[in-house]
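Listed in order, the protein sequences are those of chains Y and H.
Add 29 to a position in the first sequence, counting from 1, and you land on the number used in the numbering used here.
Add 29 to a position in the second sequence, counting from 1, and you land on the number used in the numbering used here.
Worksheet: one structure, shown below.
Number of protein chains: 2
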Amino acid sequence: MTFAQKLENIGDKNNSLLCVGLDSRFEKLQKAFQKKDYPQFAFNKWIIEQTHDLVCAYKPNTAFYEERGADGITELKMTCHYLVKYYPEIPIILDAKRGDIGSTNEGYVKFAFTYLSADAITLHPYLGKEALRPFLDQKEKGCIILCKTSNPGSGEFQDISIDPPFEGGAQRAEDENKLYKTVAQSVVKKWNSNGNCMLVVGATYPKELAEVRKIVGDMTLLIPGIGAQGGDIGKTLQAGLNSKGAGMIINSSRGIIFSKDPREEAKKLRENINKYRS
Amino acid sequence: MTFAQKLENIGDKNNSLLCVGLDSRFEKLQKAFQKKDYPQFAFNKWIIEQTHDLVCAYKPNTAFYEERGADGITELKMTCHYLVKYYPEIPIILDAKRGDIGSTNEGYVKFAFTYLSADAITLHPYLGKEALRPFLDQKEKGCIILCKTSNPGSGEFQDISIDPPFEGGAQRAEDENKLYKTVAQSVVKKWNSNGNCMLVVGATYPKELAEVRKIVGDMTLLIPGIGAQGGDIGKTLQAGLNSKGAGMIINSSRGIIFSKDPREEAKKLRENINKYRS
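Below, the structure written as structure tokens:
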């Protein structure tokens with residue numbers, strides 16, 4: 030089954046567009062977890078047990094495991110394999126933001142899809158389609174390309190005006206063309222021959238999210254930036270839903286996993302999101 | 030000592046601009062190494078013992094270690110710590126091509142600089158300076174930003190014409206402005222307040238290399254693409270040397286480490302490079 034199908038099935042079953050980010054930084058774990066043999070895995074298991082009927086995906090960010098080196102990578106693997114074994118219907122998005130030349134990307138493909146058994150990975154667009162081919166060729170796996178990222182300074186390059194406007198795009202005089210729109214255009218028109226591409230657009234930029242939605246049709250978008258980063262749920266949903274009232278993976282990490290009651294927070298956020306779906 | 034100082038010292042001592050890429054993919058190792066307990070580490074040690082007096086840096090690419098999961102990460106660490114212990118004068122460039130939002134990059138900073146003790150890391154520019162701040166703030170460490178990459182399809186976004194031309198740049202009518210030049214301009218003018226930034230420019234693009242050199246003054250450039258990827262040494266050196274006849278880290282990975290006689294290949298390449306330095 031492809032990542033997209035898996036995502037749709039569990040989204041329907043759990044009535045959810047909510048993705049929980051397993052950004053389980055060791056330093057932020059409760060003491061009781063920090064003392065365990067496999068602290069990050071134990072914490073993730075605890076989070077998963079509370080939230081598996083509320084989510085459409087889990088998204089561990091590699092940085093928070095790599096910072097502990099081989100031990101962290103082992104616990105990331107344990108987490109992924111736990112999900113594969115007990116909740117095989119829930120897709121795993123590896124938030125790794127990788128992107129190298131073609132022959133090197135084969136190594137990352139093995140890391141994400143063979144070693145960890147993830148269903149999708151986030152990728153940098155800067156090296157272009159030709160370099161990302163080893164990822165794009167994995168028909169069953171999701172390739173989620175950074176488009177307009179959630180951070181305050183994402184405009185430095187992503188909002189650069191480009192010339193000439195992309196084919197079929199708006200004229201510059203009326204609506205300046207930007208790099209992030211060109212990335213969206215390229216991915217939807219040229220990169221997606223296997224139907225396995227998606228894009229990352231931050232909830233902190235609802236205007237840009239609406240622009241991306243216009244460009245990509247019903248393509249699914251991964252949306253970070255809700256919660257700790259300050260993205261507004263209503264504005265995000267209004268800007269980003271596709272014609273089927275879906276097409277979004279809305280991620281919250283710290284806002285859920287480090288809250289007093291992760292299950293309650295996840296439930297509240299799922300319901301909050303669903304209020305805006307028709 | 031900063032990465033730049035370390036690089037200059039060893040470059041003088043070894044009379045070398047050559048960086049050996051430790052892309053020690055398990056599958057490509059000789060059987061004798063594959064059978065060892067720590068195959069990648071054993072191979073790297075063998076390469077280092079043959080080449081340490083010929084190089085200005087070593088550059089392991091994380092992909093080839095991550096593909097073996099926690100075991101690979103352990104051997105990457107063993108390799109870095111071996112260098113720190115026995116050849117502390119040789120800098121380690123972690124070719125990781127990372128780049129996430131600020132709070133997440135802190136995890137990668139720990140991985141590269143605390144866990145592995147690397148001296149420099151390669152980074153994607155797409156999220157902008159604000160996101161990369163945790164790297165840029167490491168004054169002693171090198172931040173090597175992707176500018177014009179060596180892969181055949183790197184032009185898809187990197188060569189996009191942008192408008193208006195960057196401040197102080199050429200007029201579009203005479204010399205179209207491109208995204209990779211804007212990245213170079215931003216890094217040299219805005220990102221480099223700690224003097225710890227460098228750029229990646231592929232040897233496969235000598236014309237673009239000359240353009241970048243014009244923009245960045247004497248800034249050091251990391252140059253992949255010699256050897257297996259087909260970059261020409263003469264053209265690369267002519268285009269890329271700075272006013273001091275240096276300012277380049279010329280990387281070769283497969284062409285050296287998987288050759289019949291790595292020491293001979295490294296020697297030949299170092300001498301070949303030095304022929305073009307005045």
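The C-beta atom is built at its ideal place from N, Cα and C for all residues, glycine as well.
- Under the 8 Å Cβ criterion, the stretch 244–251 of chain Y counts as touching the stretch 271–288 of chain Y, having at least three qualifying pairs.
- Annotation for Ile189/Y: Lys207, Leu208 place their beta carbon closer than 7 Å to its own, counting only its chain and skipping 5 residues before and after.
- Contact annotation for Tyr137/H against chain Y: Ala92, Glu95, Glu96 [CB-CB distance below 8 Å, chain order].
- Residues of chain H whose Cβ lies closer than 9 Å to the Cβ of Ile39/Y do not exist; the shortest such Cβ separation is about 25 Å.
- Taking the beta carbon of Tyr155/H as reference, the chain Y residues within 8 Å of it are His153, Pro154, Tyr155, Leu175, Thr178, Phe186, Gln187, listed in sequence order.
- Following the DSSP letters along the chain, one finds Arg283/Y inside the alpha helix (DSSP H) bounded by residues 283–286.
- The C-beta distance from Tyr137/H to Gly98/Y rounds to 12 Å, too long to meet the 8 Å contact threshold.
- Counting C-beta atoms within 10 angstroms of its own C-beta, Pro253/Y has 16 or more neighbours from the protein chains shown and is therefore classed as buried.
- Between Ala149/H and the set Lys158/H, Ala160/H, Asp166/H, the nearest pair of CA atoms involves Asp166/H.
- Contact annotation for Gly131/Y against chain H: Asn180 [CB-CB distance below 8 Å, chain order].
- Residue-level contact check: Lys114/H does not touch chain Y, since none of the beta carbons of chain Y fall below 8 Å from its beta carbon.
- Below 8 Å, too few C-beta pairs join the stretch 287–299 of chain Y and the stretch 265–272 of chain Y to call them touching: fewer than three.
- Asp124/Y is bridged by DSSP to Asn90/Y.
- Interface residue (Cβ-Cβ distance to chain H less than 8 Å): Ser215/Y is classified as such.
- Between the beta-carbon of Phe70/H and that of Gln63/H there is about 12 Å, and that puts the pair past the 8 Å contact cut.
- At a C-beta separation below 7 Å, Gly128/H has these neighbours in chain Y: Lys126, His153.
- In this structure, Tyr116/H sits away from Phe186/Y, with a CB-CB distance that is not shorter than 8 Å.
- Boundaries around Ala149/Y are those of the beta strand (DSSP E), 149–152, since no alpha helix (DSSP H) includes it.
- The three-state reading of DSSP puts Val84/Y in coil, since its state is none of H, G, I, E or B.
- Between Gly101/Y and Tyr94/Y, the C-beta spacing is below 8 Å.
- A straight line joining the alpha-carbon of Asn90/Y with that of Leu123/Y spans about 6 Å.
- Secondary structure at Leu270/Y: coil, using DSSP grouped into helix, strand and coil.
- Between the C-alpha atoms of Val216/H and Leu58/Y there is a straight-line separation of about 36 Å.
- Among the CB atoms of chain H, one or more fall inside 8 Å of the CB of Ala160/Y.
- Closer than 8 Å to the CB of Val212/Y there is at least one CB belonging to chain H.
- Excluding residues up to 5 positions away in sequence, Cys48, Gly50, Lys88, Pro253 lie with their Cβ nearer than 6 Å to the Cβ of Asn280/Y in the same chain.
- Contact of Tyr144/H with chain Y is assigned, a C-beta pair being separated by under 8 Å.
- One finds nothing in chain H with a Cβ atom closer than 7 Å to the Cβ of Ile122/Y; even the nearest lies about 14 Å away.
- Residues of chain H whose Cβ lies closer than 7 Å to the Cβ of Thr103/Y are, in chain order, Ala99.
- By the C-beta density criterion, Gly231/Y is buried, having at least 16 other C-beta atoms within 10 angstroms.
- At least one beta carbon of chain Y lies nearer than 8 Å to the beta carbon of Phe140/H.
- Within chain Y, the C-beta atoms nearer than 9 Å to that of Ile191/H come from Ile189, Ser190, Ile191, Asp192, Leu208, in chain order.
- Neighbours of Lys106/H in chain Y, taken as residues at a C-beta separation under 9 Å, are given in chain order as Gly98, Ala99.
- Within the stretch 273–301 of chain Y, the residues whose Cβ lies closer than 9 Å to any Cβ of chain H are, in chain order, Arg283.
- Note on geometry: alpha-carbon atoms of Ser179/Y and Glu159/H lie some 12 Å from one another.
- Looking from the CA of Ser282/H, the closest CA among Gly171/H, Ile76/H, Pro68/H, Ile39/H belongs to Ile76/H.
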